[in-house]
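Asker: Residues in the sequence shown are numbered consecutively from 1, following full-length UniProt numbering. Take a look at this one; I'll ask things after.
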Amino acid sequence: MSAPRKNHLSGSDIPADKADRPSREEAEAAVRVLLRWAGDDPRREGLLDTPGRVVRAYEEFFAGYTQNPHDILARTFSEVQGYDEMIVLKDIRFESYCEHHMVPIIGRAHVAYLPNERVVGISKLARLVDAFAKRLQIQEKMTAQIADTLNEVLQPLGVGVILEAAHQCMSTRGVHKAGVSMVTSRMLGSFRDDPSTRREFLSIVSNQNAFSVSNT
Ligand SMILES: [Zn+2]
Numbered sequence: 001m002s003a004p005r006k007n008h009l010s011g012s013d014i015p016a017d018k019a020d021r022p023s024r025e026e027a028e029a030a031v032r033v034l035l036r037w038a039g040d041d042p043r044r045e046g047l048l049d050t051p052g053r054v055v056r057a058y059e060e061f062f063a064g065y066t067q068n069p070h071d072i073l074a075r076t077f078s079e080v081q082g083y084d085e086m087i088v089l090k091d092i093r094f095e096s097y098c099e100h101h102m103v104p105i106i107g108r109a110h111v112a113y114l115p116n117e118r119v120v121g122i123s124k125l126a127r128l129v130d131a132f133a134k135r136l137q138i139q140e141k142m143t144a145q146i147a148d149t150l151n152e153v154l155q156p157l158g159v160g161v162i163l164e165a166a167h168q169c170m171s172t173r174g175v176h177k178a179g180v181s182m183v184t185s186r187m188l189g190s191f192r193d194d195p196s197t198r199r200e201f202l203s204i205v206s207n208q209n210a211f212s213v214s215n216t
């Protein structure tokens, strides 16, 4: 039984029908095919253990498929002494994989929200980014997924998410443009409607000196 997949921008987009999942042996065999396709011989000594290693690496690269982003944010705290300013976690490094070429997208995420009485442990914001990064992605979708999930679960007054990333499918193949980064953003609630909130977020994110961040 497979539930109909939700809107692709939804935070609870948990793909991969478990029943369709190939065995480890099948996955290793597929790697041997790709080694042959590359022009090498998977039977030579240096490559004998490679399929097993690649399959184990895939378990790390794509660990996000086993995580439910909503669960990550489930535990919230409401004793915040009336704290009602923006909360920003910036420069969250992430490693993701382009869904068109299966090569790395490496970048940084900046995630912010304006709490509505409830806050979440700050490490959870980094885990939320990873839960969506460790999948096959396009950056636009990942940006929307992070923002929408934060918005749905915490129901804050606003959410701002900015991703900056380098795409290896652009630097190591195709147009071969290194040093290019792509920037995507999604602003919800007050981050979308209130220019001063948006400005504050952008200024915090663009401030290179993390220690001079203030709430003014
Ligand atoms: Zn690509």
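Ideal placement from N, C-alpha and C gives every residue a C-beta, glycine not left out.
Which runs of the alpha helix (DSSP H) at least 4 residues long sit entirely within the stretch 79-135? Give them in chain order.
Answerer: 122-133
Asker: Look at the Cβ atom of Thr184, then the Cβ atom of Thr143, and state whether they are nearer than 8 Å.
Answerer: yes
Asker: Between Gly82 and Leu114, how many whole angstroms is the CB-CB distance? I'm expecting something under 8 Å.
Answerer: Not quite, the Cβ-Cβ distance comes to about 13 Å (not below 8 Å), so this is no contact.
Asker: Taking the C-alpha atoms as reference points, what is the distance between Leu150 and Arg173?
Answerer: 34 Å
Asker: Name the residue from Glu200, Glu59, Arg32 and Tyr58 whose alpha carbon lies nearest to the alpha carbon of Leu47.
Answerer: Arg32
Asker: Ligand 1 heavy atoms versus the CB of Val103: any closer than 7 Å?
Answerer: yes
Asker: Would you check if the distance between the CB atom of Leu73 and the CB atom of Glu99 is smaller than 8 Å?
Answerer: no
Asker: Could you give the first and the last residue of the continuous beta strand (DSSP E) run that contains Leu163?
Answerer: Gly158 to His167
Asker: Restricting to Cα atoms, I'd like to know which of Val120, Ile122 and Ala147 is closest to Phe132.
Answerer: Checking every option, the nearest Cα to that of Phe132 belongs to Ala147.
Asker: Flag this pair as yes or no: are the beta carbons of Gly107 and Glu164 separated by less than 8 Å?
Answerer: yes
Asker: Run the CB neighbour count on Arg186, radius 10 Å, all protein chains shown included, and call it buried at 16 or more, exposed below.
Answerer: buried
Asker: Please confirm whether any heavy atom of ligand 1 lies closer than 7 Å to the CB of His167.
Answerer: yes
Asker: Should Asn19 go down as buried or exposed, given a rule of 16 or more other Cβ atoms within 10 Å for buried?
Answerer: One detail in the question is off: residue 19 reads as Ala in this sequence, not Asn. By the neighbour-count criterion, in which 16 or more other beta carbons inside 10 Å mark a residue as buried, Ala19 falls on the exposed side.
Asker: State yes or no: is the C-beta of His100 nearer than 7 Å to some heavy atom of ligand 2?
Answerer: Inclusion of ligand 2 in the displayed structure is not the case, the ligand content consisting of ligand 1 alone.
Asker: According to DSSP, what are the bridge partners of Arg186?
Answerer: Looking at the DSSP assignment, Arg186 forms a beta bridge with Val161.
Asker: Beta-carbon within less than 6 Å of Ala27's beta-carbon, same chain only, minus the 5 sequence neighbours each way: which residues are those?
Answerer: Val55
Asker: Tell me which residues share the same chain as Asp84 and place their Cβ nearer than 8 Å to its Cβ, disregarding the 5 neighbours each side in the sequence.
Answerer: Leu114 and Pro115
Asker: Cβ atoms of Val129 and Ala112: under 8 Å apart, would you say?
Answerer: no
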